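In order, the protein sequences belong to chains A, B, C, D, E and F. What the first sequence shows, in our numbering, is residues 1 to 76, in sequence order. What the second sequence shows, in our numbering, is residues 1 to 76, in sequence order. What the third sequence shows, in our numbering, is residues 1 to 76, in sequence order. What the fourth sequence shows, in our numbering, is residues 1 to 76, in sequence order. What the fifth sequence shows, in our numbering, is residues 1 to 76, in sequence order. What the sixth sequence shows, in our numbering, is residues 1 to 76, in sequence order. Every residue gets a Cβ at the ideal spot worked out from N, C-alpha and C, and that includes glycine. Here the structure is a predicted model, which is why all the values come from computation and not from measurement. Please read the structure below before turning to the comments.
Protein chains: 6
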Amino acid sequence: MLPNQMVKSLIGKVIRVEMKGEESDLVGRLEGVDDYMNLHLSNAMEYKNGEKVRNLGTIVLRGNNIIIIQPYEEHV
Amino acid sequence: MLPNQMVKSLIGKVIRVEMKGEESDLVGRLEGVDDYMNLHLSNAMEYKNGEKVRNLGTIVLRGNNIIIIQPYEEHV
Amino acid sequence: MLPNQMVKSLIGKVIRVEMKGEESDLVGRLEGVDDYMNLHLSNAMEYKNGEKVRNLGTIVLRGNNIIIIQPYEEHV
Amino acid sequence: MLPNQMVKSLIGKVIRVEMKGEESDLVGRLEGVDDYMNLHLSNAMEYKNGEKVRNLGTIVLRGNNIIIIQPYEEHV
Amino acid sequence: MLPNQMVKSLIGKVIRVEMKGEESDLVGRLEGVDDYMNLHLSNAMEYKNGEKVRNLGTIVLRGNNIIIIQPYEEHV
Amino acid sequence: MLPNQMVKSLIGKVIRVEMKGEESDLVGRLEGVDDYMNLHLSNAMEYKNGEKVRNLGTIVLRGNNIIIIQPYEEHV
C-alpha cells in the first residue's frame, strides 16, 4: 500500500506522530490528511517518555516536518 | 476536515504557532494563509514557557518551518 | 539505476532507514513508496548502535526527512 | 491579506528576517521577493541580541529557511 | 554548467557527499541521480575525519538533505 | 531585482555561501545556478571565522540548504 493510502486509512483512528526537532510525541484522532501529509488531529495530547504532558485539543501538523506516523494501538 | 481548510477556518481568530528550531511560541491573529501554510499574523507576540516575551506586531511565518498550528483558546 | 527505481526494487524486502535528527535507525519490510520517497514499512523496529530498542509495527516515514535508505542485508 | 502579498508590500522598505539555525537576525532593504519567499536584500546587516554585528551588503536569502519576516519599524 | 548537469556528468565516478546533520561523509560510485538530486551510490563507505568508518554497500541518499556533492578525486 | 536574477547576475564571479548546519562558509566562483538555487562552484574553498580551512575544488551545493548567498567582494 502506498504511504499516503496507509495514512488515509487511519482517518477516524488515533495515531502517534513524531515531529522533527520535538522531544515529545503527539497522539490524537486523525480528522484529515492531504497530499503533503499535513495532518488535522482532534483531542491531541503531548506525550514525553510515554507519559502524558498536556492536552492540545485541535491541532494541525505540517507534513514536511513529520518524521513518523503510526497507528497508536500498534505499539502499546 | 482537511488540514488547510482547518487553518483557513481560523482566519480572524487568534492562533498559536510552534516553529522549527524556536524555543518560543508565536501567538497572533491570523490574517491570511496560502496553500503552503505560510501565515500572515497581526498583533503577534512571542511566548516562552507560557509567559509573554515581546510584541512582534505584523509578521509572516514561512509554512515549511511550522511544526504545529492551534486555535489559541483551546489550550488555555 | 535511478534512485527511485532502486528504492522501488526493494519493495517486499527489509530495509534500513536513517531519518534526520533521529539517533536510532529504522528497520522494516518496505510495503510501499511514492515519488516523494515517503515509505510505508511493516514490522518496523528501532535500532540504536546495532541493538534493537523497540518494535514499532506499521509506520509511515516522511520522505523529505530521510537521509539514507539501504537494503538491510547488505551492511550486516 | 495573503502572506506573499504582505511580503511584496514591503518591497523598498527595511525588514527583519530570522533564518533557521542562525542566532543572529538579518535587517536590510527588501529589493525583491519571489513565490518561494526567496528574498533579495540590500544594505543588509547582521544583528545579535539587538546589536549590529557586521555589514553584509547585498544578500540573497533562501525562502525555505526563513522563519519570520517582519517590517523593521514595527518592533523597534 | 548547471548544477544538475554537473552531477549527472559524475555518473560512474566516485563522489563525496555531505548530508545534513551527519558528522561523517559518504563516498561511493554514483549510479544514478534524478531531478531532486536524489542519489544512488554503490560501494558506499562512511568516512569520519578522513578515516573510513564502515562499508555501506548500495545506498540511496535523499536529495533535499544533501549539503555538498563533490568529485572524490578532486579534494584528495 | 528578483532573488534568482540577482544570483544569476553573479555567474562568473566569486560568491560566499552559508549552508544550513555548517559552521564554515564556502567561497568559490559561481559556474551555474538553477531555479532551485542549486549552485555549481569552481575553485571552492572552506572558510571558518574568516580563515581558509581547505580547498574543495569543484562542488555542487543543494539549493534548499542554502541560508545566504553573497557577492564575495562586498563584505571584505
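Opening and closing residue of the alpha helix (DSSP H) in which residue i lies
{"i": "residue 43/E", "result": "Counting along the chain, residue 43/E falls outside any alpha helix (DSSP H), though it belongs to the beta strand (DSSP E) covering 39-48."}
Contacting residues, own chain, Cβ-Cβ under 6 Å from residue i (five flanking each side not counted)
{"i": "residue 16/B", "result": "25, 27, 70 and 72"}
{"i": "residue 44/A", "result": "26, 28, 56 and 59"}
{"i": "residue 54/C", "result": "46"}
{"i": "residue 6/F", "result": "none"}
{"i": "residue 14/E", "result": "29 and 72"}
{"i": "residue 40/A", "result": "31, 32 and 60"}
{"i": "residue 12/C", "result": "none"}
Residue i Cβ short of 6 Å to the ligand FMN heavy atom set
{"i": "residue 7/F", "result": "Annotation note on the ligand FMN: not contained in the displayed structure, which lists no ligands."}
Segment limits, beta strand (DSSP E) that includes residue i
{"i": "residue 6/B", "result": "Here residue 6/B belongs to no beta strand (DSSP E); instead the alpha helix (DSSP H) covers 3-8."}
{"i": "residue 55/D", "result": "51-61"}
Residue i at chain B interface by Cβ criterion, 7 Å
{"i": "residue 45/D", "result": "no"}
{"i": "residue 16/D", "result": "no"}
{"i": "residue 72/D", "result": "no"}
Those residues which DSSP pairs with residue i across a bridge
{"i": "residue 28/D", "result": "15/D"}
{"i": "residue 69/D", "result": "60/B and 17/D"}
CB contact below 7 Å: residue i versus chain A
{"i": "residue 91/C", "result": "Residue 91/C falls outside the range modelled here, since chain C spans only 1 to 76, and no answer is possible."}
{"i": "residue 25/C", "result": "no"}
{"i": "residue 64/C", "result": "yes"}
{"i": "residue 2/B", "result": "yes"}
{"i": "residue 53/C", "result": "no"}
Cβ of residue i within 7 Å of any chain E Cβ
{"i": "residue 9/C", "result": "no"}
{"i": "residue 38/C", "result": "no"}
{"i": "residue 12/F", "result": "no"}
Beta-carbon contacts of residue i that lie in its chain and below 7 Å, excluding the five residues immediately before and after
{"i": "residue 62/D", "result": "38"}
{"i": "residue 42/A", "result": "28, 29, 31 and 58"}
{"i": "residue 67/C", "result": "18, 19 and 20"}
{"i": "residue 23/C", "result": "48"}
{"i": "residue 10/E", "result": "30 and 71"}
{"i": "residue 50/C", "result": "none"}
Residue i at chain C interface by Cβ criterion, 7 Å
{"i": "residue 19/A", "result": "no"}
{"i": "residue 69/A", "result": "yes"}
Contacts around residue i, its chain only, beta-carbon distance under 8 Å, and the 5 residues preceding and following it disregarded
{"i": "residue 4/E", "result": "33, 35 and 37"}
{"i": "residue 8/D", "result": "33"}
{"i": "residue 52/D", "result": "45 and 46"}
{"i": "residue 65/C", "result": "19, 20 and 21"}
{"i": "residue 1/A", "result": "9"}
Chain D contact for residue i (CB, 7 Å cutoff)
{"i": "residue 34/B", "result": "yes"}
Chain F contact for residue i (CB, 7 Å cutoff)
{"i": "residue 59/E", "result": "no"}
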